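> I'd like to ask you about the structure that follows.
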Amino acid sequence: MNLSIKEIQAPILTEMNAFEGKFKEFMKTKVMLLDTIMNYIVQRKGKQLRPMFVFLSAGICGTITEKTYRGAALIELLHTASLVHDDVVDDSNYRRGFFSVNALWKNKIAVLVGDYLLTRGLLLSVQHNDFENLKIISTAFQEITEGELLQIEKARRLDITEDVYFEIIRQKTATLIAACCAAGASSVGADEETVAKAHSFGEKVGIAFQIKDDLFDYGDAEIGKPLGIDIKEKKMTLPLIYALNQASWSTKRNIINIIKNESDNPKKVAEVISFVKQSGGLEYATKVMKNIVEEAQNILSTFPDSIYKKSLAGLVQFTIERTK
Numbered sequence: 013m014n015l016s017i018k019e020i021q022a023p024i025l026t027e028m029n030a031f032e033g034k035f036k037e038f039m040k041t042k043v044m045l046l047d048t049i050m051n052y053i054v055q056r057k058g059k060q061l062r063p064m065f066v067f068l069s070a071g072i073c074g075t076i077t078e079k080t081y082r083g084a085a086l087i088e089l090l091h092t093a094s095l096v097h098d099d100v101v102d103d104s105n106y107r108r109g110f111f112s113v114n115a116l117w118k119n120k121i122a123v124l125v126g127d128y129l130l131t132r133g134l135l136l137s138v139q140h141n142d143f144e145n146l147k148i149i150s151t152a153f154q155e156i157t158e159g160e161l162l163q164i165e166k167a168r169r170l171d172i173t174e175d176v177y178f179e180i181i182r183q184k185t186a187t188l189i190a191a192c193c194a195a196g197a198s199s200v201g202a203d204e205e206t207v208a209k210a211h212s213f214g215e216k217v218g219i220a221f222q223i224k225d226d227l228f229d230y231g232d233a234e235i236g237k238p239l240g241i242d243i244k245e246k247k248m249t250l251p252l253i254y255a256l257n258q259a260s261w262s263t264k265r266n267i268i269n270i271i272k273n274e275s276d277n278p279k280k281v282a283e284v285i286s287f288v289k290q291s292g293g294l295e296y297a298t299k300v301m302k303n304i305v306e307e308a309q310n311i312l313s314t315f316p317d318s319i320y321k322k323s324l325a326g327l328v329q330f331t332i333e334r335t336k
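Throughout the sequence shown, residue numbering follows my numbering, covering 13 to 336 in sequence.
Written out as structure tokens, the structure is:
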């Protein structure tokens, strides 16, 4: 029986509640405008999956400490900074259904807010000598940037192979969840081998998470992004890559031409979606996702049994069975 988010959170409910207060404290500033924006950001947080991975990973490796809270805060601060900057770059007016920072306070302030969040996170770690977690998390955000740029480079030519696709999603998505798990383990004094194992587990979960997100582009469920948005943004996802690999030269050329030149046409986007479905792209991607989840579960099985381990297993299932 699959666990709900409430059941998954149960072993760390006290820590998650405490983290909410600590995170608000970490974001406090003496500048009234900045403080107003920080409060706006905090009130619009999502499911808090990243802190959950940090605390549960810490729990299966030892006793949760203040260092664990700071590790979770560093990830949230840097991740939020990247989202604020992304909204400026993308000229996006909404984030999770609410107005983005740049929509309410304009680009200049949004960029400065992103900079503040970034430096606040770095300073939080330096002040407490959390250099191991700083190394883990900073490395992750370097990889995220590299993954974004690799995707932009490949989107221009639409020549992404499966190997390149997996490298992009490993850097863009999986590396952050991997950092959450590694930081959690590191924060409670786990040895190098255990931290590496936690990192590998998180990376597998992150890859599966992104494949699930790719599948949403072709589904009919009520989801967090519009149908076909990846196609409109010229992103080559696993179902599409597989479908193109199965197609004849002329069909492949036609589909790539649509993505390159007609991705703003809803009828043409629907044509691509239909092509992927008929080519078995969704079934293939689902099979790959389940195989990767099995690999993650095998790594998790090497940790001692505990309530934290049970919740992590539930969190893995949640990431691939979510409907948005």
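We treat Cβ as the ideally placed atom computed from N, Cα and C, and that holds for glycine.
Just so we're clear, the structure is a prediction, and the values are computed from it rather than from any experiment.
1) With DSSP as the reference, label F153 as helix, strand or coil.
2) In this structure, does DSSP put Y106 in helix, strand or coil?
3) Near Q329, what residues of its chain come up, given a Cβ to Cβ distance below 6 Å and the 5 sequence neighbours on each side ignored?
4) Kindly indicate the opening and closing residues of the alpha helix (DSSP H) around R182.
5) From this set, F178, P278 and N277, which residue's C-alpha is nearest V300's C-alpha?
6) Please report the distance separating the alpha-carbon of E160 from that of K18.
7) Give me the Cα-Cα distance between D229 and I241, rounded to the nearest whole angstrom.
8) What separation, rounded to the nearest whole angstrom, lies between the Cα atoms of K237 and T26?
9) Starting from T206 and walking both ways along the alpha helix (DSSP H), at which residues does that stretch end?
10) Distance check for E158 and S262, CA to CA, integer angstroms please.
11) What are the residues that DSSP puts in a beta bridge with F31?
12) What is the rounded straight-line gap between the Cα of A85 and the Cα of T298?
13) I think S275 touches K244, with their Cβ atoms under 8 Å apart; what is that distance to the nearest whole Å?
14) Per the DSSP calculation, F111 is bridged to which residue(s)?
Taking the coordinates as given:
1) Correct three-state label for F153: helix.
2) It is a strand residue.
3) Residues N14 of the same chain have their beta carbon placed closer than 6 Å to that of Q329, with the five preceding and five following residues left out of the count.
4) Per DSSP, R182 belongs to no alpha helix (DSSP H) and is neither H nor E.
5) The shortest Cα separation from V300 among F178, P278 and N277 belongs to F178.
6) The C-alpha of E160 lies about 33 Å from the C-alpha of K18.
7) Approximately 7 Å between the Cα atoms of the pair.
8) With a pLDDT of only 47 at K237, under the threshold of 50, the placement of this residue in the model should not be trusted; the figure read from the coordinates follows. So the two alpha carbons sit approximately 32 Å from each other.
9) Annotation for T206: the continuous alpha helix (DSSP H) segment containing it runs E204 to F228.
10) Answer to the nearest angstrom: the Cα atoms are 33 Å apart.
11) DSSP lists no partner for F31.
12) Answer to the nearest angstrom: the Cα atoms are 33 Å apart.
13) In this structure S275 is in contact with K244, their Cβ atoms being roughly 5 Å apart against a cut-off of 8 Å.
14) In DSSP, F111 forms a bridge with Y106.
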